[in-house]
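Chains as they are written, first to last, in my numbering: chain H, 1 to 192; chain Z, 193 to 721.
The beta carbon of each residue, even a glycine, is placed where N, CA and C say it ideally should be.
Note that the coordinates shown come from a computational prediction; the quantities given were computed from them, not determined experimentally.
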Amino acid sequence: MAKKSFYEVVFLGKPKVVRAFMKGFVMGTLDDAKIIYSYDSGIHHEGKVEKMAEMVGIRGTDCHLVVDSETSALLKKRTKRIARETGLEITSHRHIRSASLDFKFQAFAPRYNEEIVSLVKNLPAGLRVEGFKHNVKLDPTAKGIEAYSVAHHYEACGQATVVGSIDLLVELKKKFAEYPLIQSEDIVLKLA
Amino acid sequence: MVRHLCFTPRHLFMLLVAACLVLLFSLPATAQDHGDGHDQATAGQATAENAGEHGAVHGEDHGEGHGAGHTSPVGLLPLWTIIPFVGILLSIALGPLVAPHFWHAHFPKVSAFWALLFAVPFLFWNPSEATQDILHIYLMDYIPFIILLWGLFTISGGIYLGGSLRGAPKVNFVLLLIGTFLASLIGTTGAAMVLIRPLLRANEWRRNKVHLMVFFIFLVANVGGSLTPLGDPPLFLGFLHNVPFFWVTTGLIKEMLLTSGLLLIVFFFVDTHFYRKEENKPEADPNAEPIHIEGWHNFFFLLGVMGAVIMSGSLNLFDVPIYSGGSHALVVPFQNWLKDIIIIAMGILSLKTTAKTLREKNGFSWFPIQEVAYLFAGIFMTIIPALAILKAGSAGALSDLTNAVHGPVRYFWATGILSSFLDNAPTYLTFFNAALGDLGKVEADIPGMLGYLDPSLRLEMFIRDLTAISAGAVFMGAMTYIGNAPNFMVKAIAEEAGIPMPSFFGYMLKWSVPILMPIFVIVTFVFFW
């Protein structure tokens, strides 16, 4: 099966408007388009400076999306027409070389540690774990309830980076959200 | 090869200790010894007129030593003598955060260090006065305090709430409501221990549970324990210092109802919000185990404890002389020992008549009581100069504090803010004595000032101050994890149940400050302004 490729497209326009436009665009032109909106999928798309500039009004609102190659090609072909007829300008259109997701976790019972480690070790094909650090500390003297001390008898912590296809990473991030003990960062895109 | 200097928590402790040692031995003592000539405390004896209310006043045995215009020599000690007191409170506050495993393993030694740091020079300075004060605080405060906490903790550890509950907003609301009032009966630690696991079991299926634990800390582990001296250690210390048993019940009921009412309302909306976000809500289980209480006979033992405490405040039997070498004779009322014996008996009966499996289900262990015993042994030793200086009022080294903190608003917030970061029991005692010192009163005057004796003795100013101090100490223990003992316990149990509890500052910034502060501001304007 050919590896899917994805592109980051940046529209200058409010996310709701872009979303509505893309819905119509896809309905009219494509049967099977993959569109991921960065702002609600945990994909890093702007830093604090950009956010502040937007709030203050120095910078216009933009909407970052990740699209598959077919949708990307169609958007590229119709860029000028889209801008002319809808007012939505495409300001960037770049190939995504790779994507990564950093995460860390902390668990104070073996059951939760094992669940998370099992999840990390059984990722779907197309994703790989890099730099997995995992540490389990046992302190038998800290077993039981305490009032003035927070020492746990079992402490497990770990961190790693998952690298792979952006669509699989987005699904993985949603999966991570089901585990309250896992803290994941925004997905970072490496663009061409 | 470059050696990197690594500053660890142990270094922080050593630095703190070294600084205190330098201060202690380099500054001259400036205590004036009033020597003989103190009148025996004659603050007056009053007898209970109402059943169940506090009666006998023990001016002598509370070591007041006050005749008109006289101050205990300990009250004239310089300010730096309270360094061990500050040191132990900071150790309790910072130790678990900075070095949890070190603290866990060595907290008894840390407590002993601060205690000896004060006790040894104190005994060297004035052996008779020091012996009197040390005996007084351990016999009148520490031992009864520990025995009560042991009794309540042991008995409540034998009560198990079993059954299947389905974690939904109404169920959680009722659990928190019950826990809030139960805390006043069995203590905040006991109530937390009994109800934390049923709450966790009921909501096991839910993904968003942090708010449940946070409001549990707010209500069950703090605010709820404000209606009787059994509810929270500061209030029991007040009882030991002549505040009638049921004064807090009537004195704090309005503040408690407003605070807990607002918190429960906010909780219901917050819980409903998170409940609606949950997917896969479980259906009602027809085979669900009904709710039931195991070990319910322990409630009789709890009533026995309450009866013993009330009895000690109502009866006026004979005094047992202990020590007469100091500026005034130290005596212990016999009913105090009777109370302690009854509480111990209730605890032993609970142990003998309750199946061990119930305690295992509650995760019961003796460690929390060991912690309290070791830490408060140090606190009570080191608090001696602080209390004496505060009682001295304008004559003492903390006169600036007693002058600066006036009125219920300031007492509420000063006691509260300090209780947020330091243990609330010694904080309460500190401001309690500040209030007395500020008014030039002694503990023997308290029942009269609270209106339990001659109406002409009633002092509204003191009533409002004491209400504010009590409310501040109890309510604001919820502001941080270190404000009250059960807070950490709830956090640890929740974390071991897979709930990602917020960090120390996360708890404050996301939960306690935005929710509790506005409520406390409302309480201030409604009751203390």
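Tell me where the beta strand (DSSP E) around His328 (chain Z) begins and ends. Element bounds for His328 (chain Z): not the beta strand (DSSP E) but the alpha helix (DSSP H), 319–329.
In its own chain, which residues sit with a C-beta less than 7 angstroms from the C-beta of Pro678 (chain Z), not counting the 5 before and 5 after it? Thr380, Thr381, Ala384, Ala413
Of all Cβ atoms in chain H, is any one closer than 8 angstroms to the Cβ of Ser662 (chain Z)? no
So which residues of chain Z does Leu181 (chain H) contact, with C-beta pairs closer than 7 angstroms? Gly690, Pro692
Short of 7 angstroms Cβ to Cβ, which residues in the stretch 146–177 of chain H face chain Z? Glu146, Ala147, Tyr148, Ser149, Val150, Ala151, His152
Check each residue of the stretch 22–55 of chain H: if its Cβ is closer than 7 angstroms to any Cβ of chain Z, include it; give the result in chain order. none
Helix, strand or coil at Phe697 (chain Z) [DSSP, three-state]: helix
Hey, would you say Leu341 (chain Z) sits closer than 8 angstroms to Ile575 (chain Z), going by beta carbons? no
Start-to-end residues for the alpha helix (DSSP H) that takes in Val458 (chain Z): 445–469
If you draw a straight line from the C-alpha of Asp253 (chain Z) to the C-alpha of Arg602 (chain Z), how long is it? Legend: pLDDT at Asp253 (chain Z) = 37, less than 50; position of this residue unreliable, value from coordinates given subsequently. Computed Cα separation, rounded: 30 angstroms.
For Ser591 (chain Z), does the three-state DSSP call read helix, strand or coil? helix
Simplified DSSP assignment, three categories, for Thr222 (chain Z): Unreliable positioning characterises Thr222 (chain Z) in this predicted model, as indicated by a pLDDT of 35, which lies under 50. The coordinate reading is nonetheless provided below. Coil, per DSSP.
Would you tell me roughly how many angstroms separate the C-alpha atoms of Ser149 (chain H) and Phe294 (chain Z), rounded to the nearest one? 10 angstroms
Helix, strand or coil: how does DSSP classify Phe132 (chain H) here? strand
Coarse secondary structure for Tyr515 (chain Z), derived from DSSP in three states: strand
How would you call Leu509 (chain Z), buried or exposed, if buried means at least 16 neighbouring beta carbons within 10 angstroms? exposed
Confirm, please, whether the CB-CB distance from Gly585 (chain Z) to Gly643 (chain Z) is below 8 angstroms. no
Classify Glu563 (chain Z) as buried or exposed, calling it buried when 16 or more other Cβ atoms lie within 10 Å of its own Cβ. buried
Would you check if the stretch 16–36 of chain H and the stretch 51–67 of chain H touch, i.e. whether three or more CB-CB distances between them fall below 8 angstroms? yes
Where DSSP assigns a beta bridge to Phe103 (chain H), which residues make up the other side? H:Ala160, H:Ser184
Going along chain H, which residues have a C-beta under 9 angstroms from Lys683 (chain Z)? Val150
Which chain A residues sit within Cβ distance under 7 angstroms of Arg399 (chain Z)? The question asks about chain A, but that chain is absent: this structure's protein chains are H and Z.
Is it buried or exposed for Gly126 (chain H), if we count other Cβ within 10 angstroms and need 16 for buried? exposed
At a CB distance below 8 angstroms, what residues from the stretch 108–124 of chain H approach chain Z? Give them in sequence order. Phe108, Ala109, Arg111, Tyr112
Looking at the structure shown, is Ser264 (chain Z) part of a helix, part of a strand, or coil, going by DSSP? coil
Less than 8 angstroms between the C-beta atoms of Ser662 (chain Z) and Leu327 (chain Z), yes or no? no
What does a CB cutoff of less than 6 angstroms around Ala606 (chain Z) pick up in its chain, not counting 5 residues either side in sequence? Val597
Report yes or no: is there a C-beta of chain Z within less than 8 angstroms of the C-beta of Asp139 (chain H)? yes
Just confirm the distance between the C-beta atoms of Leu101 (chain H) and Lys16 (chain H), as a whole number of angstroms; I'd bet it's less than 8 angstroms. Contact doesn't hold; Cβ gap of about 26 angstroms is too wide.
Taking C-beta pairs closer than 8 angstroms, name the residues in chain H that Ile502 (chain Z) reaches, listed in chain order. Those do not exist, as Ile502 (chain Z) stays about 26 angstroms from chain H at its closest Cβ, beyond 8 angstroms.
Between His403 (chain Z) and chain H, is any beta-carbon pair separated by less than 8 angstroms? no
Return the chain-ordered ranges of every beta strand (DSSP E) run that is complete within the stretch 331–386 of chain Z and spans a minimum of 3 residues. 352–354
Ignore the nearest five residues each way along the sequence and tell me which others in Leu309 (chain Z)'s own chain have a CB closer than 6 angstroms to its CB. Pro276
N- and C-terminal bounds of the alpha helix (DSSP H) containing Ile36 (chain H): Segment 35–37 is the beta strand (DSSP E) holding Ile36 (chain H); no alpha helix (DSSP H) there.
Give the residues from the stretch 297–330 of chain Z that approach chain H closer than 8 angstroms (Cβ to any Cβ), ordered along the chain. Ala297, Phe299
In whole angstroms, what separates the C-alpha of Gly570 (chain Z) from that of Gln183 (chain H)? 40 angstroms
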